[in-house]
Structure formats: C-alpha cells, structure tokens
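K.L.:
Here you go, one structure.
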Amino acid sequence: MGRLTVDLCGIELDNPIIPASGTFGFGYEFAEYYDINILGTFSFKGTTKEPRFGNPLPRIAECTAGMINSVGLQNPGVHEVIAHELPRMREVLHKPVMANVGGFSPEEYAYTVSALDGEDSVGWFEINISCPNVHAGGAVTGSDCRATGEVVGAVRAVTKKPVIVKLSPNVTDIAEIARAAEAAGADGISLINTLLGMRIDLRRKKPVIANVMGGFSGPAVFPVALRCVYQVGRAVDLPVVGMGGVSSAEDVIEMMLAGATAVGVGAANLRDPYACRDIIEALPAALDKYGINEIKDIIGGA
Amino acid sequence: MVKTVYTVAGNERIARDVYKMELCGDTSMITAPGQFINIALGGRYLRRPISVHDASGDALTIIYKVVGGGTEDMSRMAKGTRLDVLSGLGNGFDTSVSGDTPLLLGGGLGAAPMYMLAKKLTAEGKRVSAVYGFASADDVFGVDELRSLGVDTAVATVDGTAGVRGFVTDGVPETYTYAYSCGPEPMMKAVYKKIKTGGQFSFEARMGCGFGACLGCSCRTVTGYKRICRDGPVLTKEEILWEG
Ligand SMILES: Cc1cc2nc3c(=O)[nH]c(=O)nc-3n(C[C@H](O)[C@H](O)[C@H](O)COP(=O)(O)OP(=O)(O)OC[C@H]3O[C@@H](n4cnc5c(N)ncnc54)[C@H](O)[C@@H]3O)c2cc1C
Ligand SMILES: Cc1cc2nc3c(=O)[nH]c(=O)nc-3n(C[C@H](O)[C@H](O)[C@H](O)COP(=O)(O)O)c2cc1C
Ligand code: FES
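Going down the list, the protein sequences come from chains V and F. Quick note: the first sequence, position 10, residue -5 per the working numbering, numbers continuous. Start counting at 1 in the second sequence, then tack on 789, and there's your number in the working numbering.
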C-alpha cells in the first residue's frame, strides 16, 4: 500500500491514473514509450459487437486548449478484440484492464459485455452510454433515465464484474442520470465523455469536421468536468472516475477533492504520449506541496 | 517515435509564404525519407505535422508554408528557439522497389519530402527524374537542389510563369520504372491515373496524435483501414481506395 493507492470497486489501483478510452488504444502502442504497468489501469478503445470503421475524415479539429474528435467508435468488433487486441495487450499490461463497451441497444451492450466477461484480464466494464459521435446530431444513448436504466440493467444481468457507467455532460441534469444508473445496478460512474462541439474552417467556410459536430475535450473542459464530478459524487453512493481536461498532478488532486476515486486522462495522451507517466511521477511532490499524506484521504473532500 | 527537443538553427523564406527551417538535434530515429515530425507550439493544443525535407547527423530541415496561425508562429521563430517535437513518425518511402529509373512527382509543398528521397535513390545508384508542379513562378522552390543531385528535373506551373504550363502530370516522361508522389489529393489522383508503373503516394490528414493512438486519421485501403500517421503517410498504389 503506497500513498497513491485507491480502491476502485473492490480492485486496488497502484495510483488513480487511468488513460481514458479512445486515447490509449489497447495500450501496446504506448508500451513502446514507457512501461504501462506504472498506470492505475487504462480503459481500452470503445468496443462494439460489430466492427465499425467510424466516421469520414476529417475527424479532428483543434480548439483553444482542446480538440474535437469525431472518430465514431472505430474498432474491429468484440470478437476481433478478443482474438487479436487483448493478447497483444496482455504482453505489456500485467494488471486488470477496464473494458470500454459501446452499443446501439441494450441487447447489443449485453452481447459485447458477455463476450468479454470470460476474459480474465478484464477487471471492470466501462459502459459508454455517452458517445456523441455515433448518432445523428450528436444524440447520446444516456440522455434520459429510462434508456440509461435499460442499458445498465441489461449489462448487469450478464456480468458479476464491476460495471462503471460513463456519462455524457450533454444532458440537462447529470445527477439524475447517475441516480438512474445506480438504481439499475451500476457499481461506479465515470464522467465526463466529450462535450458536443464544432469548428468552422474560415478558408472553406464549412465545418472542419466531416460529420459537422464532434466531441470536445481537453483542458478547456476541465471546469465543466469538475462541476459534473462534484454533482454526481453527491448524488450517488458509488465511486466516481473523474475525467475531462486533466493534464497535471494538480488537476488530479482537484478532481479527487471534487469526488473522484480515480482519474481519467484523455486528450493529454495525444498531445504528449508521456502525459500519464509524467503525471504519476509528479503526484508525490504535489501531495507534499498541499500537505496530503495519502491520496485516498482527499476523495470528495472539497 | 521519439520525443525530443530540436533547436532552430535557421529559418528563411524560400518562396511565397514558404519557409525552410533548419533544426538541430538527434535525427537517429528518422529511418526513411517521407517520414514526418510533429511539432508542439506554445498556445496551440495539437502538434503540427511537417515532413522531413532532409536529415543527417544532428541536422534536420523542414519546408513549410504559412497557411494558418501555427505555421505563422513558426515563420517568426528565431535561431535558438527550442521545439518540443515527436520525431521519426510514419513509415516513409520504400526505395527498395524503385527499379533503376524512378520518377518523383511533387505538387506544391509535396515537393518538400522529395529531396531526401532523391538523395537516397541517387545514393543507391539509380537515375532519378522528377516533375515539380506549382501554381506560379513565385511558389517554386527546391528545384536547384534537386538538380544538384543530378536529378533530371522538370517544372510545371499552372499559369505557365515557370517551366511548362500545366500540371505535374503534363511533365511525366516516357519511361520510368516506378513513381513516388506527394501533393494535394486531386494531383495525386491524377498521377495515380496517369502512371503506368507501380508507385507510392504520401497522404495528409488532420491528426490528433500523429503516432497511432487516436484513430483520428484512419482511411480505408484495399487491405483494411490504415492510420495515415502510423501505417502511412505513404501508401502503395495497389492499396489506395480513393474516397469521394
Ligand atoms: C504527414 C503530413 C506531412 C505534412 N508535411 C508538410 C510539409 O512538409 N510542409 C507543409 O507546409 N505542410 C505540411 N503538412 C501540412 C501541415 O501540417 C499544415 O499546413 C499545418 O498543420 C497547418 O497548421 P496551421 O496552424 O498553420 O493552420 P490551421 O489551419 O490554423 O491549423 C488548424 C489545425 O488544422 C490542422 N491542419 C491544417 N491544415 C492541415 C493539413 N493540410 N494537414 C494536416 N493538418 C492540417 C493543423 O495541424 C491544426 O491542428 C503536412 C501534413 C501532414 C499530415
Ligand atoms: C480521440 C478520442 C477518442 C475517444 N474515444 C472514446 C471511446 O471510444 N469511448 C469512450 O467512452 N470515450 C471516448 N473518448 C472520450 C474520452 O475517453 C474522455 O471521456 C474525454 O475525452 C474527456 O477527457 P479529456 O478531456 O481528458 O480528453 C474519446 C476521446 C478522444 C479525444
Ligand atoms: S493522428 Fe492519431 S492515430 Fe493518426
């Protein structure tokens, strides 16, 4: 037990840092740059029942202190993930991984979760009901309590592993959605997924992103993410994985004070492949600076 | 891919809105012509991908055009500026399949990576010819340095103010064993249709990471999807699927 350890749904993490889904692939690319076992864990690329190519290019736009992506859950489908991605991942990650699952109906989510449930390397499921890139106009599955309850209930029925439900900030009342997930049997909540955003190319006078809109993330969204984590942390009696714009050890401490048990890091990995390593290395000194002994003591302290 | 620091050793205008920047630092991770570097700029969230124009020892050069805020920042950088760079990105061109008389076709800034490719091919003893295409005489760069390698270089401009009037495809010689191309997509599409041999084409895409992590740059190919940044930017003629 070090001063950075936290407990996430009954599984101990060496530290709270979790590279966020879609920004870390299946880990092996980053293992070329550093030993990814220094991480708490990571959440692998959003996986669906069927293979998905995703959206047309351009899928990326730059913003002030952030970016928009409209990747659209590109992945080879759950069976290919099990056959090819997870074996490669296991060569470089020797701890439980968080399996991020996307879908279009409760049955589809349940199918993908049960397919992955037999994989020993999967420690948690992260159920993405909040991707703005797969429905027309940026709508998300988890935008109302009923749909949220249905998906979480269907997934809950097919696995005993911890189910963490990933929420969208693009809703009227995020606390209400979190309570619906809790009522349907979720073991944890993660948030935030990206905010729906857009940019226009002034030279072409057309949207930069081929799909017009996409998911906005990066340092610019940090205050919104922090607010959401704070609200959800107070609304439910479940551990929260806080993310959105985290790029430093100080941001991690702030997220945890707002109520996060663990902290996701997304876009920062893309700008700098060493971002998570550097945050983990900076954490002890940051704890010292703010007079914190063990990081778990600050969860929800604000 | 290696994260490293390059120091600006020179930065001069060489054509209309086009600059050549000399950088100093470790280039050992550059293993093929056609690879690129991804440069972090203060106050801009995403890095800027720019092709390697030449690299050897501690020296690396890039050629870039000012098209927006990031490249404008670059054009103002003084000697001694230190840049946070991801270097040695992408697959680059494969020279082993070129045959004895390869042809290089560069359009606009697509001429930038051709110099290092020509250097490698000529060093391998091949007789290289090239066609560079630009909009106008003011945009022309890189022709003399290519000729100094002994490359038979033709120039085409759209308005006819330098070289022949027309497009890169109008300058394609009768015989060549292989074609290498980099430039705007409409140009490469025309080259693809025109050439009778095999070839390699270097593509661009808006990039989130530049090293294969985000799938922001995926394109479909005959052999499945590929990430322009990591499995490319160079694709072979046989695997390209033109979209749209
Ligand atoms: C593999 C690769 C190699 C390249 N090599 C060169 C080169 O050698 N010389 C050169 O002048 N240019 C090159 N480019 C294009 C260069 O990356 C863009 O011109 C540059 O990023 C524009 O930045 P900006 O801030 O000036 O423009 P802005 O339009 O303000 O940039 C906004 C955002 O869009 C991105 N973007 C804009 N245009 C492009 C583009 N054409 N391709 C990819 N991203 C773009 C920027 O990176 C940034 O994230 C290359 C692009 C790629 C993908
Ligand atoms: C390129 C990219 C791809 C993403 N793909 C997924 C995904 O497949 N599944 C998912 O749940 N979230 C996905 N996200 C959202 C992130 O996991 C994270 O919730 C969000 O980006 C906020 O964190 P950040 O501000 O640190 O990026 C993606 C984000 C980015 C930038
Ligand atoms: S730009 Fe991220 S995978 Fe290519």
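Glycine is no exception: its CB is placed at the ideal position from the N, C-alpha and C atoms. Just so we're clear, the structure is a prediction, and the values are computed from it rather than from any experiment.
Could you run through the stretch 791 to 810 of chain F and flag, in chain order, every residue whose CB is less than 7 Å away from some CB of chain V?
P.N.:
Lys792
K.L.:
Any Cβ of chain V within less than 9 Å of the Cβ of Phe1000(F)?
P.N.:
If you number the second sequence from 1, residue 1000(F) lands on position 211. Closer than 9 Å to some Cβ of chain V, the Cβ of Phe1000(F) qualifies, so yes.
K.L.:
Does Pro208(V) come within less than 9 Å of chain B when only Cβ atoms are used?
P.N.:
This model lacks chain B altogether, as its protein chains are V and F.
K.L.:
Beta-carbon separation of Trp109(V) and Pro61(V) under 9 Å?
P.N.:
Locating residue 109(V) in the first sequence gives position 124, counting from the first residue. Locating residue 61(V) in the first sequence gives position 76, counting from the first residue. Contact flag unset, no.
K.L.:
Would you please verify whether the beta carbon of Met818(F) is less than 9 Å from any beta carbon of chain V?
P.N.:
Along the second sequence, one-based indexing puts residue 818(F) at 29. Chain V, which has no Cβ nearer than 9 Å to the Cβ of Met818(F), makes this no.
K.L.:
Should the stretch 181 to 190 of chain V be called in touch with the stretch 156 to 169 of chain V, which here means at least 3 C-beta pairs below 8 Å?
P.N.:
no
K.L.:
Cβ of Gly857(F) versus every heavy atom of ligand 1: is any distance shorter than 8 Å?
P.N.:
Position 68 of the second sequence, counted from the start, is the residue given in the question as residue 857(F). For ligand 1, a non-hydrogen atom lies closer than 8 Å to the CB of Gly857(F).
K.L.:
Using a Cβ cut-off of 9 Å, pull out every chain F residue sitting near Cys116(V), in sequence order please.
P.N.:
Here the question's residue 116(V) lines up with position 131 in the first sequence. What Cys116(V) touches in chain F: nothing, since even the nearest Cβ is about 13 Å away.
K.L.:
So, at 8 Å on beta carbons, what are the nonlocal neighbours of Phe11(V) in its own chain, with the 5 sequence-adjacent residues on each side left out?
P.N.:
Your numbering for residue 11(V) matches position 26 in the first sequence. Hits under 8 Å: Phe29, Lys30, Val66, Glu70, Leu71, Arg73 and Met74.
K.L.:
Return yes when the C-beta of Phe825(F) is under 8 Å from any heavy atom of ligand 1, and no when it is not.
P.N.:
Start at 1 with the first residue of the second sequence, and residue 825(F) comes out as number 36. Yes - ligand 1 has a heavy atom lying nearer than 8 Å to the Cβ of Phe825(F).
K.L.:
Name the two residues that bound the continuous alpha helix (DSSP H) containing Ala16(V).
P.N.:
To locate residue 16(V), count along the first sequence from 1; it is residue 31. Tyr13 to Ala16 is the span of the alpha helix (DSSP H), which, as asked, contains Ala16(V).
K.L.:
Using the beta-carbon of each residue, which ones in chain V are nearer than 8 Å to Tyr1014(F)?
P.N.:
By 1-based counting over the second sequence, the position of residue 1014(F) is 225. Chain V residues near Tyr1014(F): Phe38 and Gln59.
K.L.:
Start and end of the alpha helix (DSSP H) containing Val86(V)?
P.N.:
Taking the first sequence and counting its residues from 1, the one referred to as residue 86(V) is at position 101. Counting along the chain, Val86(V) falls outside any alpha helix (DSSP H), though it belongs to the beta strand (DSSP E) covering Val82 to Val86.
K.L.:
For a cutoff of 9 Å on Cβ pairs, would you count Gly814(F) as touching chain V?
P.N.:
On the second sequence, position 25 is the one that residue 814(F) refers to. With 9 Å as the cut-off, Gly814(F) does not count as an interface residue toward chain V.
K.L.:
Less than 6 Å between C-beta atoms, sequence neighbours within five positions excluded: which residues of the same chain meet that for Ala171(V)?
P.N.:
Taking the first sequence and counting its residues from 1, the one referred to as residue 171(V) is at position 186. Val137, Val148 and Val150, listed in sequence order.
K.L.:
Run through chain V and tell me which residues come within less than 9 Å of Ser937(F), C-beta to C-beta.
P.N.:
Position 148 of the second sequence, counted from the start, is the residue given in the question as residue 937(F). Within chain V, no residue comes near Ser937(F); the closest Cβ sits about 35 Å away, beyond 9 Å.
K.L.:
Anything in the stretch 912 to 942 of chain F with a Cβ closer than 8 Å to a Cβ of chain V? List those residues in chain order, please.
P.N.:
The residues in question: there are none.
K.L.:
Give a yes or no on contact between the stretch 217 to 229 of chain V and the stretch 259 to 273 of chain V, applying the rule of three or more CB pairs nearer than 8 Å.
P.N.:
no
K.L.:
Using 8 Å for Cβ pairs, my map puts Gly230(V) next to Asn54(V). What's the rounded Cβ distance?
P.N.:
Counting from 1 along the first sequence, the entry for residue 230(V) is found at position 245. Counting from 1 along the first sequence, the entry for residue 54(V) is found at position 69. Contact flag wrong, Cβ pair sits at about 14 Å.
K.L.:
Might you give, ordered along the chain, the residues of its own chain that have their beta carbon closer than 7 Å to the beta carbon of Ala247(V), omitting 5 neighbours on each side?
P.N.:
In the first sequence, the residue the question calls residue 247(V) occupies position 262. Hits under 7 Å: Val(-9), Leu(-7), Leu(-2), Pro1, Ile3, Gly25 and Val226.
K.L.:
Spatial neighbours of Ser99(V) within its chain, please: CB distance less than 6 Å, with the 5 preceding and 5 following residues excluded, ordered by chain position.
P.N.:
Locating residue 99(V) in the first sequence gives position 114, counting from the first residue. Here the set comprises Val143.
K.L.:
Please report the distance separating the alpha-carbon of Met977(F) from that of Ala900(F).
P.N.:
Locating residue 977(F) in the second sequence gives position 188, where the first residue counts as 1. Locating residue 900(F) in the second sequence gives position 111, where the first residue counts as 1. For the pair Met977(F) and Ala900(F), the Cα-to-Cα distance works out to about 12 Å.
K.L.:
Report the partner residues of Trp109(V) according to the DSSP bridge assignment.
P.N.:
Counting from one through the first sequence, the residue named residue 109(V) turns up at place 124. Per DSSP, Met83(V).
K.L.:
What beta strand (DSSP E) runs, 3 residues minimum, are completely inside the stretch 860 to 894 of chain F?
P.N.:
For the stretch 860 to 894 of chain F, whole beta strand (DSSP E) runs of length 3 or above, ordered along the chain, are 871 to 878.
K.L.:
Let me see if you follow: with CB-CB separation under 9 Å, is Asp257(V) close to chain F or not?
P.N.:
For the purposes of this step, residue 257(V) is taken as the residue at position 272 of the first sequence. It does; some Cβ of chain F falls within 9 Å.
K.L.:
To the nearest angstrom, how far is the alpha carbon of Ala912(F) from that of Phe930(F)?
P.N.:
Residue 912(F) sits at position 123 when you count from the first residue of the second sequence. Residue 930(F) sits at position 141 when you count from the first residue of the second sequence. In a straight line, the C-alpha of Ala912(F) is about 22 Å away from that of Phe930(F).
K.L.:
If you measure from the CB of Leu101(V), is any heavy atom of ligand 3 nearer than 8 Å?
P.N.:
Walking along the first sequence from the start, residue 101(V) turns up at place 116. No, the beta carbon of Leu101(V) sits no closer than 8 Å to any heavy atom of ligand 3.
K.L.:
Out of Asp883(F), Met903(F), Cys1006(F) and Gly987(F), state which residue places its alpha-carbon closest to the alpha-carbon of Ala994(F).
P.N.:
As a first step, residue 994(F) must be located in the second sequence, where it is residue number 205. For Ala994(F), the nearest C-alpha among the options comes from Cys1006(F).
K.L.:
Pairing CB atoms from the stretch 796 to 807 of chain F with CB atoms from the stretch 925 to 940 of chain F, are three or more of them under 8 Å?
P.N.:
Cβ pair count under 8 Å is three or more, so yes.
K.L.:
Let me confirm a value: Val140(V) is counted as buried when at least 16 other C-beta atoms fall within 10 Å, else exposed. Which label applies?
P.N.:
For the purposes of this step, residue 140(V) is taken as the residue at position 155 of the first sequence. Buried is the call here.
K.L.:
Return no unless some Cβ of chain F is closer than 9 Å to the Cβ of Gly87(V).
P.N.:
As a position in the first sequence, residue 87(V) is number 102, starting the count at 1. With 9 Å as the cut-off, Gly87(V) does not count as an interface residue toward chain F.
K.L.:
Can you tell me which of Ala867(F), Ser887(F), Thr793(F) and Tyr969(F) puts its alpha carbon nearest to the alpha carbon of Gly896(F)?
P.N.:
Here the question's residue 896(F) lines up with position 107 in the second sequence. Of Ala867(F), Ser887(F), Thr793(F) and Tyr969(F), the residue nearest in Cα terms is Tyr969(F).
K.L.:
Which residues in the same chain have their Cβ closer than 8 Å to the Cβ of Val944(F), if we skip the five residues on either side of it in sequence?
P.N.:
Locating residue 944(F) in the second sequence gives position 155, counting from the first residue. Only Val920, Tyr921, Gly922, Phe923, Val929, Val932, Ala951, Gly952, Val953 and Gly960 meet the Cβ criterion.
K.L.:
Excluding the five sequence neighbours on either side, which residues of its own chain have a C-beta within less than 7 Å of the C-beta of Asp873(F), listed in chain order?
P.N.:
Within the second sequence, the letter at position 84 stands for residue 873(F). Closer than 7 Å at the Cβ level, and outside the excluded window around Asp873(F), lie Val794 and Ala829.
K.L.:
Could you tell me if the beta carbon of Glu111(V) falls within a distance shorter than 8 Å of some heavy atom in ligand 2?
P.N.:
In the first sequence, the residue the question calls residue 111(V) occupies position 126. Flag set: Cβ of Glu111(V) near ligand 2.
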